[in-house]
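Asks: Numbers in our numbering are just positions in the sequence shown, counted from 1, shifted up by 506.
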Amino acid sequence: MSQEDQEFCPSKKIKKEGESELKVSNYFSIRISDGFIRTVGNVVTPLILAHASLQIIRELKGVQLEGVLKEILNQFWVGVRQFRPGSIIIDAESSKQSSALNMDAIIQKMTTEMKTIMPTGNFVIEKVNDKDHHSPEPKVQAMDLALYTLHMLKKELGRMKLSAIAEVMDFHNAEEMISQIIRETQSSTKVCLLSQNGKGKSFILNLLLLMTADTEEEYQEYIKNNEGILPLTQERLKLLHKKGHTEIIPEIFAEELENAEEEKDSDQKKEKIIKMMQNSCYTSSISLDRMAEMMKAEEKSFSALKKYCESDGGNLRDFRSYLLPEKGTKKTHISTTKSVVRLHYGRIYQMKVEYMSKEDLQNQLYELVEIAREFSQRKERGLKESKREERQRLSLEKRFKILTTHFQEGNIDQEVLMQIESPDCILLKEEVKTFAETTAYFIGLGKNATEDRLFIREKLREMITLTNVSEDNKKLQEMKIAAVKDIVVFAPCKLLCGGKELIEMPGTDESDPLAQYEIGNILDKANGTLLLSDSSFNIGEADVKDILRESKFLRNFIKSPDEYMLLFMAYQEKNKDMQFTKDVKIMDQEFIKEEEEKNEGEIEGLERLLEKQLPEDAKKSINTSVILPVFHSSLLMQEGDPTEIMGQFESNLQHTGVYKVMEELDQFGFMNLKPQIDDAKVALIQLKEKAMHYEVICNKKASQAEETIRIWKIKEIKDLKIDYFLKEHDNILQHTKSSLHEKRKQFINGKVAKLLKEWGRNASEKWKMSKSKVTNRAVFNPYFNGRHPNYKVKLYNIAYGKPDELEMKDFLNETRDVMITYKEKALHLLEEVLDFKENGWTEMKEFVMQAINHELDEAIVWYMGKKKMPFDEKKLIQLFERSLVDCLKEKLLKYAYSEKITIGNAKEMVTKEISGVVENAAVYFEWNIEKKLHDQRWKSFLGKVNPNSKTPRLLQITMSVLKPMPENLSKEKEATVNVIKSLDNLIKMADVALKGTNKTGDK
507 MSQEDQEFCP SKKIKKEGES ELKVSNYFSI RISDGFIRTV GNVVTPLILA HASLQIIREL
567 KGVQLEGVLK EILNQFWVGV RQFRPGSIII DAESSKQSSA LNMDAIIQKM TTEMKTIMPT
627 GNFVIEKVND KDHHSPEPKV QAMDLALYTL HMLKKELGRM KLSAIAEVMD FHNAEEMISQ
687 IIRETQSSTK VCLLSQNGKG KSFILNLLLL MTADTEEEYQ EYIKNNEGIL PLTQERLKLL
747 HKKGHTEIIP EIFAEELENA EEEKDSDQKK EKIIKMMQNS CYTSSISLDR MAEMMKAEEK
807 SFSALKKYCE SDGGNLRDFR SYLLPEKGTK KTHISTTKSV VRLHYGRIYQ MKVEYMSKED
867 LQNQLYELVE IAREFSQRKE RGLKESKREE RQRLSLEKRF KILTTHFQEG NIDQEVLMQI
927 ESPDCILLKE EVKTFAETTA YFIGLGKNAT EDRLFIREKL REMITLTNVS EDNKKLQEMK
987 IAAVKDIVVF APCKLLCGGK ELIEMPGTDE SDPLAQYEIG NILDKANGTL LLSDSSFNIG
1047 EADVKDILRE SKFLRNFIKS PDEYMLLFMA YQEKNKDMQF TKDVKIMDQE FIKEEEEKNE
1107 GEIEGLERLL EKQLPEDAKK SINTSVILPV FHSSLLMQEG DPTEIMGQFE SNLQHTGVYK
1167 VMEELDQFGF MNLKPQIDDA KVALIQLKEK AMHYEVICNK KASQAEETIR IWKIKEIKDL
1227 KIDYFLKEHD NILQHTKSSL HEKRKQFING KVAKLLKEWG RNASEKWKMS KSKVTNRAVF
1287 NPYFNGRHPN YKVKLYNIAY GKPDELEMKD FLNETRDVMI TYKEKALHLL EEVLDFKENG
1347 WTEMKEFVMQ AINHELDEAI VWYMGKKKMP FDEKKLIQLF ERSLVDCLKE KLLKYAYSEK
1407 ITIGNAKEMV TKEISGVVEN AAVYFEWNIE KKLHDQRWKS FLGKVNPNSK TPRLLQITMS
1467 VLKPMPENLS KEKEATVNVI KSLDNLIKMA DVALKGTNKT GDK
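(1) Check each candidate in PRO1067, LEU607, LEU960 and SER593 and name the one with the smallest Cα separation from TYR533.
(2) Between the C-alpha atoms of ALA810 and CYS698, what's the straight-line distance to the nearest angstrom?
(3) In the DSSP assignment, the alpha helix (DSSP H) including ASN1434 goes from what residue to what residue?
(4) Look at the Cβ atom of VAL1238, then the Cβ atom of ALA1332, and state whether they are nearer than 8 Å.
(5) Look at the Cβ atom of ASP992, then the Cβ atom of GLU804, and state whether they are nearer than 8 Å.
(6) Does ASN635 pass the burial test, meaning 16 or more other C-beta atoms within 10 Å, or should it be called exposed?
(7) In terms of residues, what are the limits of the alpha helix (DSSP H) holding VAL994?
(8) Please list, in chain order, all residues of the same chain as TYR1297 whose beta carbon is under 8 Å from its beta carbon, the five residues on each side excluded.
(9) If I measure Cβ to Cβ from GLU1387 and keep anything under 7 Å in the same chain, skipping five residues before and after, which residues do I get?
(10) So the beta strand (DSSP E) LYS1260 belongs to, where does it begin and stop?
(11) Using a beta-carbon distance below 8 Å, is ILE1358 in contact with chain D?
(12) Would you mind stating whether GLY627 and MET620 have Cβ atoms separated by less than 8 Å?
(13) Buried or exposed, going by whether 16 or more other CB atoms sit within 10 Å of the CB of THR1511?
(14) Can you tell me which residues form a DSSP beta bridge with LEU1072?
(15) For GLY1111, which residues of its own chain have a beta-carbon under 7 Å away from its beta-carbon, when the five flanking residues on both sides are left out?
(16) With burial defined as no fewer than 16 other Cβ atoms inside 10 Å of the residue's Cβ, what is the status of VAL922: buried or exposed?
(17) Is it buried or exposed, TRP583, if we count other Cβ atoms within 10 angstroms and call 16 or more buried?
(18) Please specify which runs of the alpha helix (DSSP H), each continuous and at least 4 residues long, are wholly inside the stretch 1086 to 1137, giving them in chain order.
(19) Enumerate in chain order the residues of its own chain whose CB-to-CB distance from GLY1153 is below 8 Å, with the five nearest sequence positions on each side excluded.
(20) Beta-carbon within less than 6 Å of LEU714's beta-carbon, same chain only, minus the 5 sequence neighbours each way: which residues are those?
(21) I'd like the span of the beta strand (DSSP E) that includes ILE595, first residue to last.
(22) Straight-line CA distance for ILE595 to LEU579?
(23) State the Cα-Cα distance for the pair ALA1496 and GLN570, rounded to the nearest angstrom.
(24) Roughly how many angstroms lie between the CA atoms of ILE987 and LYS806, to the nearest whole one?
(25) What number of angstroms, rounded off, separates the C-alpha of ALA672 from the C-alpha of HIS1247?
(26) Could you name the residues of the same chain whose beta carbon sits closer than 6 Å to that of LEU1008, not counting the 5 residues immediately before and after it, in chain order?
(27) Helix or strand or just coil, what does DSSP make of SER882?
(28) Quick one, which of LEU575, HIS557, GLY541 and THR718 has its alpha-carbon nearest VAL1167's?
(29) Between which two residues does the beta strand (DSSP E) containing TYR533 stretch?
(30) Three or more beta-carbon pairs under 8 Å between the stretch 553 to 563 and the stretch 1157 to 1165, yes or no?
(31) What whole-angstrom Cβ distance do PHE1290 and TYR872 have, given they're in contact under 8 Å?
(32) Along the chain, where does the alpha helix (DSSP H) that runs through LEU909 open and close?
(33) Comparing alpha-carbon positions, which option in LYS567, THR695 and PHE629 lies nearest ASP1172?
(34) Tell me whether ALA1048 sits in a helix, a strand or coil according to DSSP, three-state version.
(35) Once the 5 residues before and after THR721 are set aside, which same chain residues still bring their CB inside 7 Å of it?
(36) Return yes when the Cβ of LYS1091 is within less than 8 Å of the Cβ of PHE1155, no when it is not.
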């Protein structure tokens, strides 16, 4: 018999004389687990927030939590035999007979104590008889845990600033570093949805958002914690921003204010705040009658979804979109086909809508003029326009009439149209000029989640489909829709936790050049793609495949599959054969059995598209899923105890593909966040080492420190040494700055200039071969940066090679060497200044210099490291790409497109200028490195080594290290020991986050 089996054998009482034999079974188990809760629409949500999860609390407070539970059980004469891993299952043994055991009282006492440990938790405590008892539990997303951990680290470091050794430890900088890491996590995972129109992108996203929506209680926490904050006033926003309380400000405003930090002019910042407040609209703008009407329709909508799995396929006629509008039949030329919607997590529902500038609108609309000229010439030769060209023309004509004052009385006169000489000759309507290049903000009030969601849904629908827009406002709203640049929605849905950005893109078919360009741009910047089809990518639409094949995303995925995600999703619930009732066993369906074969088929299809074999690591990173989100949502809405419902339908829920999509998104995002958690952990370890070093000083060197400070406090010596240090240190800084500038010059005039010269020569040759194919000046439209999706000739590709051809390692190494030279000189200067030649000083100096050495290493990291705007190869390539685009646009495309010249003259201009323009990109690159990278990193670096104070930072650190005096020594030692313990706990928190989360349920 195994040891485990022996442990679970019933105990026996030894028979005494005069007693009958009594067999007593006093072993039992108690399970404490996270409970499922219902959210919007009475849906059982499968996810739980990290701060409310028992599993996470156990990871962080294991010994403490187990101690509390043991103590409670001991009060009832119950001993703990073991705590099982995973969910808390306590195997216990009572010294009383089972009939005398008051289990209800035990559970009640445990519940009371657990509520003090987890005020926001929703846990279930129950007696279980089966030692292998299994029950499903809500899932904590690894991304959510990572972000929660970072916020906890920041909070604890903020508390530690009150420590008696805070000056020595410099907790403020550590806290700021964690804050910066948190900011960097926003949109670290960009995942786009790619498909043709009408495949169900909005529909699927709506259901995923519904299933993972925050509960009403969770939603209202923001207002409870920040009472009276909304609606936000100018004065309050200014005050919160000034005090640095950005975490209180709604996400759409906080993001804008952070972007405004680079603006040096305080008047510009004030103006930005004023404009934000003027362009803000809240839930209260919806009339009470309209809100009541929408709330009633919402109940009917959820009822229809709930009934779906009760009958075969159900009737979804009454089901309304949860948040994102779905394309209808009205005004389809300006509906979701043309719109990009970016989804982020927000504590309350919010949305911002950015409009294009006047110049961008004029450049886009001027293409209609060029199309008319080209069509006129082709007509003379008896040529007809293709369907794609017709689609482009019709789309532009509609936008042209909506946005401009031209041709308002009738059809567009092609002869008059061709007389427009340049983009700036296009006359935009006055109404368009008022909102061009502005941003509109829509914010919920935080009091009622459903009302706020319906308000945002209503406004989003107006921006995309013109639904429910009054006749009086219809024309203005049409203008706004035709000028939309970007829509960002913040929703309190756990699917979006952890800095994920989900991007709903326009459909690939029937999209105008603007939409096609946006799709390409988004794919180039995304690190994840969910490709949606009716049944299979393998037999999918050609235009989807073409866009994917040409994208930078696919090249990046093949090159580094561990850094990118590709998931093929098939949505088939529109087919009657794929509509199921709750009694059907999904795991027995044919499509489940064919999953592995389907995955192999999708990979083979992708290889045929690329005409080459994929690397093995890329193949392993490709996933496929048939997804049944309607069926899944309907199951979650069935009546009964939430945990029992999840247990009853567990098998079906595991095979709908929904959990697989959620898990893929979460694990992929978590891998993107792990480096930031690692950075935070390293910083905590360094802080701990610093504290331990300081503890040694407190124990051994107090008398020597006192003598050193006594000498330092002699005014004549102090003033003389500080003046000398300031002067010499400033000289070192100036020399360092000059050296950095020199290295940049050498890099630009050397490797950059050489590469661009070669590209310039190649560009001239490639343009000569391509010039005859250009028959329309739209090829040069600066809005598309030389990559117009409607034309085969891409001037950007002609002008430049691949940005990663530029070798940057030597430049980075030389830059780091300059910073290390600064460190060496600064240390030498400090040794010179602190050379007192007193008894014991040589031994003491070792401790001082160790602290300073660490401080200078941190300073160099702030210039070169992984914090905001890192000085690394990836960032340099981004700046190089930006420089290439800006140079081509400013120096060539604008002139070739905007000047009042013929297509022939424009082509000759390109012939003459292209080589020089390519070489001129070096000037842009140099400026970008200096202004967008060096200046910001240098400012951070100076903040570490030379802050605005009378005493330089390096001398401050020296005095802090020497500070403990005999009368304060016990206080310093006690504070240091407490800090070390606290940092140990924080390091443990980081370790928990780095482990991630596993699927729930005990086995």
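By construction, the Cβ of each residue, glycine as well, lies at the ideal position given by its N, Cα and C atoms. Being a predicted model, the structure only gives us computed values, none of them experimental.
Replies: With the given structure in hand:
(1) Of the candidates PRO1067, LEU607, LEU960 and SER593, the one whose C-alpha sits nearest the C-alpha of TYR533 is LEU607.
(2) Those two C-alpha atoms are separated by around 29 Å.
(3) Per DSSP, ASN1434 belongs to the alpha helix (DSSP H) from 1409 to 1434.
(4) Per the sequence shown, the amino acid found at residue 1238 is Ile instead of Val. Cβ atoms of ILE1238 and ALA1332: closer than 8 Å.
(5) Cβ distance not < 8 Å, so ASP992 and GLU804 don't count as in contact.
(6) Exposed is the call here.
(7) DSSP places VAL994 in no alpha helix (DSSP H) but in the uninterrupted beta strand (DSSP E) bounded by 990 to 997.
(8) Scanning its chain for C-beta atoms nearer than 8 Å, with the 5 sequence neighbours on each side dropped, one finds around TYR1297 the residues VAL1280, ASN1282, ALA1284 and VAL1285, in chain order.
(9) Around GLU1387: PRO1309.
(10) Counting along the chain, LYS1260 falls outside any beta strand (DSSP E), though it belongs to the alpha helix (DSSP H) covering 1259 to 1276.
(11) Checking the listed chains, one finds no chain D in this structure; it contains a single protein chain.
(12) The answer is yes: Cβ separation under 8 Å.
(13) Nothing can be reported for residue 1511, as the shown portion of the chain is limited to 507 through 1509.
(14) Answer is THR1035 and ILE1128.
(15) Closer than 7 Å at the Cβ level, and outside the excluded window around GLY1111, lie PHE1043 and ASN1044.
(16) Here VAL922 is exposed. Its C-beta has fewer than 16 other C-beta atoms within 10 Å.
(17) Exposed, because fewer than 16 other Cβ atoms sit within 10 Å of the Cβ of TRP583.
(18) If we require 4 residues or more, the alpha helix (DSSP H) runs fully inside the stretch 1086 to 1137 come out as 1096 to 1099, 1101 to 1116 and 1122 to 1127.
(19) The beta carbon of GLY1153 lies closer than 8 Å to those of SER641 and PRO642 in the same chain, with the five residues before and after it left out.
(20) Closer than 6 Å at the Cβ level, and outside the excluded window around LEU714, lie LEU1001.
(21) First-last of the beta strand (DSSP E) with ILE595: 594 to 600.
(22) Distance between the alpha carbons of ILE595 and LEU579 is about 13 Å.
(23) The C-alpha of ALA1496 lies about 18 Å from the C-alpha of GLN570.
(24) One Cα belongs to ILE987, the other to LYS806, and the distance between them is close to 30 Å.
(25) One alpha carbon belongs to ALA672, the other to HIS1247, and they sit about 36 Å apart.
(26) So the qualifying residues of the chain are VAL697 and LEU849.
(27) Three-state result, SER882: helix.
(28) Per the Cα distances, THR718.
(29) In this chain, the beta strand (DSSP E) harbouring TYR533 covers 533 to 540.
(30) Counting Cβ pairs under 8 Å, fewer than three are found: no touch.
(31) 12 Å between Cβ atoms; not a contact.
(32) The continuous alpha helix (DSSP H) containing LEU909 extends over residues 893 to 909.
(33) Selected option, being the one with the closest Cα: THR695.
(34) The answer is helix: DSSP assigns ALA1048 an H, G or I state.
(35) Only ILE543 and THR545 meet the Cβ criterion.
(36) Their beta carbons are not under 8 Å apart, which means PHE1155 does not touch LYS1091 by this criterion.
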